[in-house]
Amino acid sequence: MSNDEVNANVAFSETDERARLLDRLAQFSSEQTGLAFAGFAGFLTIWYVAALFQPTYLLPSPVEVFAAFVTELTAPATLAIPLTGIELPATRLLAKLVQSLYHYVPGLLVGTTLGISAGIAMGWNDRVDSVFTPVTRILRPIPPLAWIGFAVIWLGVNHKGATFIVAIGSFWINFYSAYGGVEGVSADLKEVAATLGVDDDLTMIRKVVVPAASPSIMTGIRTSIGQCWMIVVAAELIVGVGVGYEILNTAQNLAMDVSVAYMLVISLVFLVSDGLFRRVERRALEWRA
Amino acid sequence: MSQKHQSETTVAVESLDKVYESDSRTVRALSDVNFAVEEGEFVCIVGPSGCGKTTLFRVIAGLEEATAGGVTLDGEPVTGPGTDRGMVFQEYGLFPWRTVSENVAFGLEEQGVEEPTRSARVDEMLRLVGLDGFADAYPKELSGGMKQRVGIARALAVDPELLLMDEPFGAVDAQTRDMLHGELLDIWAETDKTVLFVTHDVEEAVTLADRVVVMAANPGRVREIVSVDIDRPRERTDPVFAEYVERIRGLIGE
Numbered sequence: 001m002s003n004d005e006v007n008a009n010v011a012f013s014e015t016d017e018r019a020r021l022l023d024r025l026a027q028f029s030s031e032q033t034g035l036a037f038a039g040f041a042g043f044l045t046i047w048y049v050a051a052l053f054q055p056t057y058l059l060p061s062p063v064e065v066f067a068a069f070v071t072e073l074t075a076p077a078t079l080a081i082p083l084t085g086i087e088l089p090a091t092r093l094l095a096k097l098v099q100s101l102y103h104y105v106p107g108l109l110v111g112t113t114l115g116i117s118a119g120i121a122m123g124w125n126d127r128v129d130s131v132f133t134p135v136t137r138i139l140r141p142i143p144p145l146a147w148i149g150f151a152v153i154w155l156g157v158n159h160k161g162a163t164f165i166v167a168i169g170s171f172w173i174n175f176y177s178a179y180g181g182v183e184g185v186s187a188d189l190k191e192v193a194a195t196l197g198v199d200d201d202l203t204m205i206r207k208v209v210v211p212a213a214s215p216s217i218m219t220g221i222r223t224s225i226g227q228c229w230m231i232v233v234a235a236e237l238i239v240g241v242g243v244g245y246e247i248l249n250t251a252q253n254l255a256m257d258v259s260v261a262y263m264l265v266i267s268l269v270f271l272v273s274d275g276l277f278r279r280v281e282r283r284a285l286e287w288r289a
Numbered sequence: 001m002s003q004k005h006q007s008e009t010t011v012a013v014e015s016l017d018k019v020y021e022s023d024s025r026t027v028r029a030l031s032d033v034n035f036a037v038e039e040g041e042f043v044c045i046v047g048p049s050g051c052g053k054t055t056l057f058r059v060i061a062g063l064e065e066a067t068a069g070g071v072t073l074d075g076e077p078v079t080g081p082g083t084d085r086g087m088v089f090q091e092y093g094l095f096p097w098r099t100v101s102e103n104v105a106f107g108l109e110e111q112g113v114e115e116p117t118r119s120a121r122v123d124e125m126l127r128l129v130g131l132d133g134f135a136d137a138y139p140k141e142l143s144g145g146m147k148q149r150v151g152i153a154r155a156l157a158v159d160p161e162l163l164l165m166d167e168p169f170g171a172v173d174a175q176t177r178d179m180l181h182g183e184l185l186d187i188w189a190e191t192d193k194t195v196l197f198v199t200h201d202v203e204e205a206v207t208l209a210d211r212v213v214v215m216a217a218n219p220g221r222v223r224e225i226v227s228v229d230i231d232r233p234r235e236r237t238d239p240v241f242a243e244y245v246e247r248i249r250g251l252i253g254e
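Protein chains in written order, with full-length UniProt numbering: chain A, 1 to 289; chain B, 1 to 254.
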């Protein structure tokens, strides 16, 4: 058997391919970085020039926004940890951000877990699918924020209310991605597993269906990580705490520079959380072609 | 290799019918199929497309039920898929999220084989198919021929009675296919497995098989069973080889 020949061939074509790809990427990225930098600089310049002719309350300049950002980032404040009564020294920006994270993280975790579980259950079992499809069709089009009335009546104008809204938002995103992923798992792989001794549903789901659907499930999680920042801001406008509320509150006092600084906070935490998850995703799905 | 001890029946297909019924029409995929495969034998099933050879494969695998009649394996009726039949598919069916060694280990995990026995068995299988250097590669990194070697190693790892192969080399190029034929015969000789191999390629069947089950279409049925009495390794240029190919092609009506 001429395995060495095969190996050598594969190794050769692989390094060849990789070298060419890296080459192209390098060219591509240096040109792209240049364009991206130019675009960003252009945006700042236009903003700066436009702001020269306007009072701050109509259009704060990038310099004013940056100054407001630094002030909020450094001004001392206390951070109250809910349920514990503990108060920690922090800064204003940090305190608001942590308040938002109290809504965001539990809401995202609960909604994602329930959404993925429900998606897998309905994608896997036709009877469960038939029973719940009408209900999901009716509930799905309702925007998460429409539930705010119930959130307030059931849970109060507090952290729990905002968390509830975030959970609803991430539930639907993850439900559909998991459902679609499970529906799309090839029958071949399930048959292979059956011939290799998998004879119960739970093992099949755990060892074949979930890994095969994982690219779709991961996309759902990443989408909800982003969408839930949008939802948390909206929910906070009503429940009156966190970065979202601060954007509205400062604007009502015409401190538009501070308001925009908090808008940028949302943008930054989104970029950081999305970037981190992308890395996790890339590592988890490195097997993908 | 042709001097194998052949006495016990491994697979028996008896009066097998398979009918697909839909609202508008009835399709008779298999009609009264009968044949047996002896222990250690290499049998190929050939026939034109639509002759039901893949349906037959799926019924033997336990992935589909017979309408009438049935299949027995070592005398036991086949009622569903099981590890006594190792399956190799044309499209490989590898788990892309598992490395080569993890793919081969899948069936062993299900059987509850513990470490270090499991790894030892996986290594043994990878050596058998000549992939020992690729244990940690993902399927996407392999060529078609290498993928199918993983498929064979995975099927053999659980030590099945029967190796069931459905056009396993249909998706690889001709040169690789020739190489894989030789390797498969070596593996067969080394492991003493019974092999049932479905193909539409008559030359492939004559290269590999002790006996060739020739099928006909509409309805799918056995036309004739041809014993190939040529010593291995077989050469395509051999006039006797060509005669067998001609004869089987004649039976199929090509």
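Quick reminder that beta carbons are idealized off the backbone N, C-alpha and C, glycines included.
* Does the ligand COA have a heavy atom nearer than 7 Å to the CB of A/G184? -> Ligands are entirely absent from the displayed structure, and the ligand COA is therefore not among its contents.
* To do: Return no unless some Cβ of chain A is closer than 8 Å to the Cβ of B/W97.
  => Taking the second sequence and counting its residues from 1, one reaches residue 97 of chain B at position 97. Closer than 8 Å: yes.
* Asked: For A/A68 versus A/D257, is the C-beta distance shorter than 8 Å?
  -> Residue numbering aside, residue 68 of chain A sits at position 68 when the first sequence is read from its first letter. Residue numbering aside, residue 257 of chain A sits at position 257 when the first sequence is read from its first letter. In this structure, A/D257 lies closer than 8 Å to A/A68 by Cβ.
* **Residues of its chain near B/H181, where Cβ-Cβ distance is below 8 Å and the 5 sequence neighbours each way are ignored** => In the second sequence, the residue the question calls residue 181 of chain B occupies position 181. Closer than 8 Å at the Cβ level, and outside the excluded window around B/H181, lie F169, E204, T207 and L208.
* Taking A/L193 as the reference, which of B/K193, B/S49 and B/R154 has the closest Cα? -> The residue given as residue 193 of chain A occupies position 193 in the first sequence. The sequence shown places Ala at residue 193 of chain A, not Leu. Taking only the C-alpha atoms, the option nearest A/A193 is B/R154.
* To do: Check whether the Cβ atoms of A/I116 and A/I205 lie closer than 8 Å to each other.
  => Translated into the one-based positions of the first sequence, residue 116 of chain A becomes position 116. Translated into the one-based positions of the first sequence, residue 205 of chain A becomes position 205. Not closer than 8 Å, so no.
* Asked: Using the beta-carbon of each residue, which ones in chain A are nearer than 9 Å to B/R85?
  -> What you label residue 85 of chain B is simply residue 85 of the second sequence in a count that begins at 1. Within 9 Å Cβ-Cβ: T195.
* What does B/K53 reach in chain A if we use C-beta pairs closer than 8 Å? -> The residue labelled residue 53 of chain B in the question sits at position 53 within the second sequence. For B/K53, there are no C-beta contacts with chain A under 8 Å, since the nearest C-beta of that chain is about 17 Å from it.
* Report yes or no: do the region 68 to 87 of chain B and the region 177 to 188 of chain A share at least 3 C-beta pairs separated by less than 8 Å? => Contact fails: fewer than three Cβ-Cβ distances are below 8 Å.
* Please specify which runs of the alpha helix (DSSP H), each continuous and at least 4 residues long, are wholly inside the region 92 to 177 of chain B, giving them in chain order. => Under the rule that a run must span 4 or more residues, the alpha helix (DSSP H) segments found entirely inside the region 92 to 177 of chain B read 100 to 110, 117 to 128 and 144 to 157.
* Rounded to whole angstroms, what's the CA-CA distance from A/T133 to A/S177? Just pull it up for me. => Numbered from its first residue, the first sequence carries residue 133 of chain A at position 133. Numbered from its first residue, the first sequence carries residue 177 of chain A at position 177. Distance between A/T133 and A/S177, taken at the CA atoms: about 15 Å.
* Asked: Using DSSP with H/G/I as helix, E/B as strand and the rest coil, what is B/Y20?
  -> Looking up residue 20 of chain B in the second sequence gives position 20. In the structure shown, B/Y20 sits in a strand (DSSP, three-state: E or B).
* Alpha carbon of A/A284 to alpha carbon of A/L58, nearest angstrom -> Mapped onto the first sequence, residue 284 of chain A falls at position 284. Mapped onto the first sequence, residue 58 of chain A falls at position 58. Cα to Cα, the separation comes out at about 46 Å.
* Asked: Hey, is A/L189's beta-carbon within less than 8 Å of any beta-carbon in chain B?
  -> Position 189 of the first sequence holds residue 189 of chain A. It does: the Cβ of A/L189 has a partner Cβ on chain B nearer than 8 Å.
* With a CB to CB cut of under 8 Å and the five nearest residues on each side skipped, what residues in its chain are close to B/D32? -> Taking the second sequence and counting its residues from 1, one reaches residue 32 of chain B at position 32. Only S15, L16, D17, G69 and R221 meet the Cβ criterion.
* What is the C-beta distance between B/V27 and B/V213, in whole angstroms, given that I count them as a contact (C-beta under 8 Å)? -> Numbered from 1 along the second sequence, position 27 holds the residue referred to as residue 27 of chain B. Numbered from 1 along the second sequence, position 213 holds the residue referred to as residue 213 of chain B. Contact check for B/V27 and B/V213: beta-carbon distance about 21 Å, past the 8 Å limit, so the pair fails to qualify.
* Shorter than 8 Å from the beta carbon of B/M1 to some beta carbon of chain A? -> In the second sequence, the residue the question calls residue 1 of chain B occupies position 1. With a pLDDT of 43 at B/M1, under the threshold of 50, the predicted position of this residue should be treated as unreliable, and no value is reported.
* Asked: Relative to the alpha-carbon of A/G226, which residue among A/G197, A/A261 and A/L276 has its alpha-carbon at the smallest distance?
  -> Along the first sequence, read from residue 1 onward, the residue named residue 226 of chain A stands at position 226. Of the residues A/G197, A/A261 and A/L276, the one whose Cα lies closest to the Cα of A/G226 is A/L276.
* With a 10 Å radius around its C-beta and 16 neighbouring C-beta atoms as the bar for buried, classify B/W188 as buried or exposed. => Locating residue 188 of chain B in the second sequence gives position 188, counting from the first residue. In the assembly as shown, B/W188 is a buried residue. Its beta-carbon has 16 or more other beta-carbons within 10 Å.
* **Beta-bridge pairing of A/P76 - partner residues as DSSP gives them** => In the first sequence, the residue the question calls residue 76 of chain A occupies position 76. According to DSSP, A/P76 bridges with A/T91.
* May I have the straight-line CA-CA distance separating A/T45 from A/K96, to the nearest angstrom? => If you number the first sequence from 1, residue 45 of chain A lands on position 45. If you number the first sequence from 1, residue 96 of chain A lands on position 96. Each residue's Cα considered, the two are about 30 Å apart.
* What three-state label does DSSP hand B/Q6 in the structure shown? -> The residue labelled residue 6 of chain B in the question sits at position 6 within the second sequence. Because B/Q6 carries a pLDDT of 45, less than 50, the predicted location of this residue cannot be relied on, and the following value inherits that uncertainty. Shown here, B/Q6 sits in coil according to DSSP, grouped into three states, outside any helix or strand.
* To do: Since I believe A/M230 is in contact with A/I247 (beta carbons under 8 Å), could you give me their beta-carbon distance rounded to a whole number of angstroms?
  => Here the question's residue 247 of chain A lines up with position 247 in the first sequence. Here the question's residue 230 of chain A lines up with position 230 in the first sequence. So it is not a contact: roughly 12 Å between Cβ atoms.
* Who are the Cβ neighbours of B/R149 in its own chain at under 7 Å, not counting the five residues just before and after it? -> To locate residue 149 of chain B, count along the second sequence from 1; it is residue 149. For B/R149, where only same-chain residues beyond five positions count, the Cβ hits under 7 Å are V129, G130 and L131.
* Beta-carbon gap between B/G52 and B/A29 smaller than 8 Å -> The sequence position of residue 52 of chain B within the second sequence is 52, counting from 1. The sequence position of residue 29 of chain B within the second sequence is 29, counting from 1. Cβ distance < 8 Å, so B/G52 and B/A29 count as in contact.
* Compute the beta-carbon to beta-carbon distance between B/A174 and B/G144, rounded to the nearest angstrom, for a pair I have assumed lies under 8 Å. => Here the question's residue 174 of chain B lines up with position 174 in the second sequence. Here the question's residue 144 of chain B lines up with position 144 in the second sequence. 12 Å between Cβ atoms; not a contact.
* Sheet register partners of B/F197 (DSSP bridge) -> On the second sequence, position 197 is the one that residue 197 of chain B refers to. Looking at the DSSP output, B/F197 sits in a beta bridge with B/C44 and B/M165.
* Simplified DSSP state of B/F89, which is helix, strand or coil -> Within the second sequence, the letter at position 89 stands for residue 89 of chain B. Note: B/F89 maps to coil in three-state DSSP.
* **Those residues which DSSP pairs with B/G70 across a bridge** => As a working mapping, residue 70 of chain B is identified with position 70 in the second sequence. According to DSSP, which records beta bridges pairwise, B/G70 is partnered with B/E14.
* Can you give me the Cβ contacts of B/M165 inside the same chain, cut-off strictly under 6 Å, excluding the 5 residues immediately before and after it? => On the second sequence, position 165 is the one that residue 165 of chain B refers to. So the list reads V88 and F197, once near-sequence residues are dropped.
* From B/L142, B/M179 and B/I45, pick the residue whose C-alpha is nearest to that of B/H200; which is it? -> If you number the second sequence from 1, residue 200 of chain B lands on position 200. Ranking the options by Cα distance to B/H200, first place goes to B/I45.
* To do: Quick one: list the residues of chain B neighbouring A/A289, beta-carbon separation under 8 Å, in chain order.
  => Mapped onto the first sequence, residue 289 of chain A falls at position 289. What A/A289 touches in chain B: P96 and K140.
* **residue 311 of chain B classed as buried or exposed, judged by whether at least 16 other C-beta atoms fall within 10 angstroms** => Look at the range of chain B in this structure, 1 to 254, and you will see that residue 311 of chain B is not part of it.
* Can you list, in chain order, the residues of its chain whose CB lies under 6 Å from that of A/G123, leaving out five sequence neighbours each side? -> Within the first sequence, residue 123 of chain A is the residue found at index 123, counting from 1. Excluding residues within five positions, the ones whose Cβ falls inside 6 Å are Y179, V182 and E183.
* If we count the other Cβ atoms within 10 Å of its Cβ and call it buried at 16 or more, is B/T55 buried or exposed? -> Your numbering for residue 55 of chain B matches position 55 in the second sequence. Burial of B/T55 is indicated by the presence of at least 16 other C-beta atoms within 10 angstroms of its C-beta.
* Asked: Taking only beta-carbon atoms, is B/K4 less than 8 Å away from chain A?
  -> Reading the second sequence from its first residue, position 4 is the one you call residue 4 of chain B. Because the pLDDT of B/K4 is 46, which lies under 50, any placement of that residue in the model is unreliable, and the number read from its coordinates should be weighed accordingly. So, not an interface residue.
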